[in-house]
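Residue numbers (this note's numbering), protein chains in the order written: chain A, 9 to 299; chain B, 3 to 400. Ideal Cβ positions, reconstructed from N, Cα and C, are used throughout, including at glycine. Note that the coordinates shown come from a computational prediction; the quantities given were computed from them, not determined experimentally. In what follows, a single structure is set out as C-alpha cells and then discussed.
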C-alpha cells in the first residue's frame with residue numbers, strides 16, 4: 009500500500025509540474041500586463057508540434073528545441089503587437105476575450121498544419137525508469153521537474169537581479185509612475201508575450217514524450233494551468249508552482265484511490281472551495297503581499 | 003514527421019484530385035455506357051458513405067475513405083454493376099454523433115440505395131434510428147455488437163467489423179490456453195470501452211476467469227499510472243485493455259515504465275500502425291486478436307481468405323504506396339457486400355436489404371461472412387487470429 013501511495017505521489021508530481029509550467033507562464037503575463045492570456049495552452053501545443061516536425065526532419069533535439077522556442081517566442085510577440093497592442097485601451101475583459109479568440113485561431117491553424125493525428129516525441133534520455141522504494145519514476149519526469157526549477161529560478165533572478173526586471177516590477181506597481189521615469193509599459197507587455205510564448209513552447213517540448221501531442225491538447229492544459237494559478241493565488245509565481253503541484257497530486261490520488269471518473273469533479277470542487285474560503289489563493293495575491 | 007506532413011498535404015491534393023476524378027469519371031462512364039448501350043444508357047446507382055474523415059476517430063475513417071474511393075474507381079473502370087456505374091458520395095461526420103445523423107439524412111434525401119458507415123461505434127449507433135425509420139439499408143464498420151443487436155430492432159442495419167464478442171472469445175481462449183485465471187480489466191470510458199467491458203465480464207464469468215481489478219480512464223487522459231498502480235498491487239496474472247490509440251499507447255508506455263510483469267493483452271482497437279508508432283518499444287510483447295489482413299503474409303496458403311487479402315493489399319499499396327489496415331478492410335467488406343446484394347437484387351432498398359440478410363459464404367477481408375436473419379454481422383471466432391508485437395511488427399501466434 010505504501011509504495012502505491014508513493015507511486016501516486018510521483019505521478020501526481022509529474023502531472024502537477026506540467027500544470028505548474030503553464031500556470032507560471034499565465035501568472036507572469038498576468039503580472040506584467042494585467043491580461044489573462046487564455047491562449048497559453050495553445051503555445052504549449054504549437055511548441056510541441058513544431059518541435060516534433062523539426063526534430064523528425066533530421067535536426068538534433070537541442071537544435072529543434074532552440075529553434076522552436078525562438079519561433080514560438082516570435083509568434084507570441086507578433087500576436088501581442090497585432091491583437092493586444094492595438095486594443096491596449098480596451099478593458100481587461102475585452103483583452104481576455106481577445107486571447108480566447110487567439111486561442112481558437114491558433115487551434116484552427118494547428119489543425120490545418122498538423123491534422124488530427126497524434127504525434128509523439130522520444131524521451132530526452134534513454135534508460136528505463138528509476139525505482140524508489142518500489143515506485144517508478146521516468147527520466148522524462150525528472151526533466152520536467154528540472155524545467156520547473158530552472159524556470160522558477162530564472163524568473164526570480166530576472167525580477168530581483170536585473171535592471172529590466174526591476175523596470176518591469178515598477179511598471180506592474182504603477183503604470184503611470186513608471187512611464188514618468190521613462191519605462192515604456194508597451195515594451196513590457198510585448199516582452200511578457202514573448203516570454204510566455206517561449207515558456208509555453210519549452211513546456212510543450214518537455215511534456216510531449218509523456219502526454220503525446222494533438223492539435224487540441226492546448227485547451228485542457230490551459231484550463232488546468234488556469235485552475236492551478238487560481239489555487240496558488242493569481243499573480244503569485246511561487247503560488248502558481250505550488251498550485252500546479254497540488255492539483256496534480258490531488259488528481260492522481262483521486263484517480264488512484266477513489267475512482268478515475270471522480271478526478272475532474274474533485275479538481276473543480278477544490279477550485280470552488282478555494283474561491284469561496286480563500287479567494288486570494290493559498291499563498292495570497294501579489295497585490296496583498298506588496299501592501 | 004515533416005515527411006508525413008508533406009504526405010498529408012499530398013494526400014489532400016490526392017483526395018481533391020480523386021474527388022474530381024470520380025466526378026468526371028462518373029460523367030465519362032455515363033457517356034461511355036450511353037455510347038456503348040446506344041439509346042438505353044444505364045443510370046448510375048447511388049451509394050452514400052458517412053465516415054470520420056476528421057476528428058478523434060480519423061485514424062479509422064481516413065483509410066476507409068481511401069479504400070472506398072479506390073474500390074469505386076476500380077468497379078466503374080470495370081463496367082460497374084451490370085453496366086450501371088456506381089455513384090458514391092462520402093460525407094465527413096467529424097467523429098461526431100450529431101454530424102453523423104445530419105449526414106445520413108442528407109444522403110437519404112439524395113436518394114441513395116444504401117448507406118455505409120460509420121467507422122466508430124458512437125456515430126454508427128446515432129444513425130440507426132434514422133435508417134430504421136426511412137427504411138434504408140446501412141452497413142456499419144464499427145465494433146460494438148449493440149449496433150446489430152437486438153436484431154429485431156435492427157432490421158435495416160448490418161456491420162462488417164468483428165463484434166466485441168468475437169474478440170472477447172479469442173482473448174478468453176488465449177487466457178485458458180495459458181492457464182491464466184485472474185485478470186485485470188481496463189477500458190476507456192466511451193461506447194467502445196463499454197461494449198468491450200460488458201462482453202468481457204459476461205464471458206469471463208462463464209469461463210471461470212476472475213476479474214480482480216476493473217478500472218476505466220477517459221479517452222483524453224494523459225497518464226494512466228494511477229489506474230495501473232492498482233493493477234500492480236493486485237494478484238492479476240494478465241491485463242486486458244479495451245482502448246484505441248492514443249490512450250492505448252500511453253497506457254502501454256505507463257505499463258512498461260511501472261515494470262508490471264503480467265502479460266498485456268489489448269483489443270483489436272489497437273490494430274493499426276499508429277499504435278506501435280506512438281507506443282514505441284513499449285508495444286513489444288503486446289498480445290491481441292486481430293483480423294487476418296495485418297498478418298496476411300504469415301497465414302497459410304490454404305486459408306480461404308488468402309487470395310482476397312493479397313489482392314486488397316496489392317491494389318491498396320499500388321495506389322497509395324502504404325499498407326492497408328484492418329479499418330480499410332472493414333470498408334472493403336462493406337462495399338463488396340453491398341455490391342453483391344445490389345447485383346442480386348437490383349436498385350430497390352428493400353430487396354437489397356433482403357439480399358444482404360441472406361449473404362452466405364462471402365469471403366471478405368475481415369473473415370468469411372455468413373449473414374442470417376438472426377445475425378447481421380455474420381463473423382465467427384475464426385475470423386480473427388492472435389498476434390504479438392515483436393520489434394514493432396505484428397507476429398502471428400499459433
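Fewer than three beta-carbon pairs drawn from the region 263-280 of chain A and the region 25-43 of chain A are found closer than 8 Å, and the two stretches are therefore not classed as touching.
Here residue 134 of chain B has 155, 156, 157, 158, 159 as same chain residues with Cβ atoms under 8 Å from its own Cβ, once five neighbours each way along the sequence are excluded.
The residue among B:105, B:79, B:111 with its C-alpha nearest the C-alpha of residue 119 of chain B is B:105.
Note on residue 168 of chain A: under 16 other CB atoms within 10 angstroms of its CB, so exposed under the neighbour-count rule. Interface criterion met: the Cβ of residue 228 of chain B is under 7 Å from a Cβ in chain A. A direct Cα-Cα distance of roughly 10 Å separates residue 171 of chain A from residue 177 of chain A. Boundaries of the beta strand (DSSP E) around residue 89 of chain B: 88-94.
Exclusion of the five residues before and after residue 193 of chain A leaves 179, 183, 186, 187 as the residues of its chain whose Cβ lies within less than 7 Å of its Cβ. Taken through DSSP and simplified to helix, strand or coil, residue 278 of chain A comes out as helix. Just measuring C-alpha positions, the residue of B:342, B:247, B:387 sitting nearest residue 171 of chain B is B:387. Where residue 391 of chain B is concerned, the enclosing beta strand (DSSP E) starts and stops at 386-392. With a 10 Å radius around the Cβ and a threshold of 16 neighbouring Cβ atoms, residue 312 of chain B comes out exposed. With contact defined as three or more Cβ pairs closer than 8 Å, the region 60-79 of chain B and the region 325-333 of chain B are in contact. Counted as a single uninterrupted DSSP element, the alpha helix (DSSP H) harbouring residue 315 of chain B occupies residues 308-322. Contact annotation: residue 121 of chain B and residue 54 of chain B have beta-carbon atoms nearer than 7 Å. When Cβ-Cβ separations below 7 Å define contact, residue 62 of chain B makes no contact with chain A. For residue 125 of chain B, the enclosing alpha helix (DSSP H) begins and ends at 123-136. Restricting attention to A:80, A:69, A:72, A:60, the CA atom closest to the CA of residue 47 of chain A is found in A:80. For the C-beta of residue 275 of chain A, not a single chain B residue is nearer than 9 Å; the gap to the nearest is close to 13 Å.
With contacts defined by Cβ atoms closer than 7 Å, residue 383 of chain B and residue 242 of chain B do not form a contacting pair. Partner residues in a beta bridge of residue 181 of chain A, as assigned by DSSP, do not exist. Going by C-alpha positions, residue 125 of chain B is about 28 Å away from residue 76 of chain B. Contacts with chain A at 7 Å (Cβ-Cβ) include residue 235 of chain B. For residue 329 of chain B, none of the residues of chain A pass the 9 Å Cβ criterion, the least Cβ distance being about 14 Å. By the C-beta density criterion, residue 59 of chain A is buried, having at least 16 other C-beta atoms within 10 angstroms.
Of all alpha-carbon atoms in B:228, B:163, B:351, B:129, the one lying nearest the alpha-carbon of residue 271 of chain A is that of B:228. With a cutoff of 7 Å on beta-carbon distance, residue 143 of chain A and residue 11 of chain A are scored as near each other. The Cβ of residue 129 of chain A sits no closer than 7 Å to any Cβ of chain B. Around residue 298 of chain B, the same chain offers 311, 312, 315 as residues with beta carbons nearer than 7 Å, after the five sequence neighbours per side are excluded.
At a cut-off of 7 Å between C-beta atoms, residue 137 of chain A counts as an interface residue with respect to chain B.
Between residue 34 of chain A and residue 237 of chain A, the C-beta spacing is below 7 Å.
Taken atom to atom, the span from the alpha-carbon of residue 103 of chain B to that of residue 147 of chain B is near 20 Å.
In this structure, the beta-carbon distance from residue 62 of chain A to residue 72 of chain A falls below 7 Å. Following the DSSP letters along the chain, one finds residue 96 of chain A in no alpha helix (DSSP H), marked with neither H nor E. For residue 70 of chain A, the enclosing alpha helix (DSSP H) has its first and last residue at 69-87.
Within chain A, the residues 268 have their CB atoms less than 7 Å from the CB of residue 217 of chain B, given in chain order.
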